[in-house]
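Plus 1 on top of the position in the sequence shown (first one is 1) and you've got our numbering. One structure below.
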Amino acid sequence: MSSKSPSKSPRSPRSPEQIAAEAAPDTVPVEVDDPHINDSDSTLSSDISTYTASLSSSVLNYPTEFGRQYHAYNPDSYNFPNDEAERERLDLTHLLMTKGIGNKLFLAPVDLNKPARVLDIGTGTGVCEYLFTITFRRFMLTETGAISVGEEYPNAEVIGNDLSAIQPSWVPPNVKFEIDDVEQTWIHDNLDFIFSRYMSTSILDWPKLVKNTYEHLNLGGWVEFQDYNLLYYSEDGSLTEDHHLRKWVKLFIDTARTKLNREPCPGPELEGWVKDAGFTNVIHQKFRLPLGSWPKEEHLKDVGMCNIAQVLEGLEAFSLKIFCGVLGMSMEEVLVMLAKVREELHARKYHAMFDLTNSIGKVLEGVGQ
2 MSSKSPSKSP RSPRSPEQIA AEAAPDTVPV EVDDPHINDS DSTLSSDIST YTASLSSSVL
62 NYPTEFGRQY HAYNPDSYNF PNDEAERERL DLTHLLMTKG IGNKLFLAPV DLNKPARVLD
122 IGTGTGVCEY LFTITFRRFM LTETGAISVG EEYPNAEVIG NDLSAIQPSW VPPNVKFEID
182 DVEQTWIHDN LDFIFSRYMS TSILDWPKLV KNTYEHLNLG GWVEFQDYNL LYYSEDGSLT
242 EDHHLRKWVK LFIDTARTKL NREPCPGPEL EGWVKDAGFT NVIHQKFRLP LGSWPKEEHL
302 KDVGMCNIAQ VLEGLEAFSL KIFCGVLGMS MEEVLVMLAK VREELHARKY HAMFDLTNSI
362 GKVLEGVGQ
């Protein structure tokens, strides 16, 4: 692939060392706000809103199964809904992950002093594309000083791809959405930043995907992966193997791995995949995402409330097609299982959490690809 010579910018982006230093240590146990776990407390509810490609009718002809709408393009590659309820949950998930890493969209030290070509893998509702353009524009205005609001200035070209055409049409002119499968042949090259977030249970071949990102970045380009380890746990032993939440998530993880051949917990493996692909300056961080309002620290309490809201909203979305369509369970069996999980979550029976991991890597400048 062709490459561009590196150019100096008026302000250098943060170094990997600075990013690592800014990350707060995540080893101290999360302190519980109220150590008393009330099995009967159900007050949680009182604590909790232009496509650029020519799309064929088959791509937009969304099928309905188990009372939910699903995507039509490469239908076997994604087993979760794309209906309005799921779009709202995806926006909640965006908020959760942004809060989870410190109220930031991304952590890679991308050089915002110059235009950049950005690819967002699996864009979902497209909220990241809009925020990318706001981020790049705000940086240009506040850091250069001489640029007036009405003056044209360089900003990012942002591309978002997804299997479903569920993105808004009211987007900035430098944003475009495409219906595509990221595991098929890539059509974009000469990228400066590739951003992949929440692709859990969506990818057949993670090492191949990570290698593809390396091969389609310019020299000096960055990649960032943000993804989960979905196995819920507690630091104080309050969540046990007997709880319905733990049973449900273990069944989900096992089914995704053994029946779908898709990894539901890619987070812990990201660092190795990024290094094996050839990236340098690799930074790997882990962030704990509590489930509920039990943490004492206000930021984690906020993250926990956002997390439990999206989990409660998404239980059916996560479960119906996999448990009914793949395992052959009846709808009634699945709904009874989910009702027991909801009951536990509302009763605050445990101090559960799961991990979000963030891996960043750079294509070394001056080295051929």
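Built from N, CA and C at the ideal position, the CB exists for glycine as well.
Asked: Measuring from the CB of G329, is there a heavy atom of the ligand GDP at a distance below 6 Å?; Found: Summarising the ligand content, the structure contains no ligands, and the ligand GDP is consequently not present.
Asked: With respect to the beta strand (DSSP E) encompassing L336, which residues constitute its N-terminal and C-terminal limits?; Found: Looking at the DSSP string, L336 is not in any beta strand (DSSP E); the run it does join, the alpha helix (DSSP H), is M332 to A348.
Asked: Could you tell me whether the region 235 to 248 touches the region 201 to 209, where touching means 3 or more Cβ pairs closer than 8 Å?; Found: no
Asked: Which residues share a DSSP beta bridge with M354?; Found: Y234 and P291
Asked: Between the Cα of W274 and the Cα atoms of I254, N213, R118 and D34, which residue gives the shortest distance?; Found: N213
Asked: Check F253 in the structure and name its three-state DSSP category.; Found: helix
Asked: In the DSSP assignment, the alpha helix (DSSP H) including F319 goes from what residue to what residue?; Found: E299 to S320
Asked: Rounded to whole angstroms, how far is the Cβ of F253 from the Cβ of P265, which I believe are closer than 8 Å?; Found: 7 Å
Asked: Measuring CA to CA, which of V31, P30, D121 and M354 is closest to Q227?; Found: D121
Asked: Looking at the secondary structure, which residues open and close the beta strand (DSSP E) in which V119 lies?; Found: R118 to I122
Asked: For P218, which beta-bridge partners are listed by DSSP?; Found: The amino acid at residue 218 is misidentified as Pro; the sequence shows Leu. L218 is bridged to L192.
Asked: For Y229, which of S320, H95 and K302 has the nearest alpha-carbon?; Found: H95
Asked: Go ahead and pull the three-state DSSP assignment for F324.; Found: helix
Asked: Can you tell me whether DSSP reads D228 as helix, strand or coil?; Found: strand
Asked: Quick check: the Cα distance between H245 and N262, rounded to an integer number of angstroms?; Found: 24 Å
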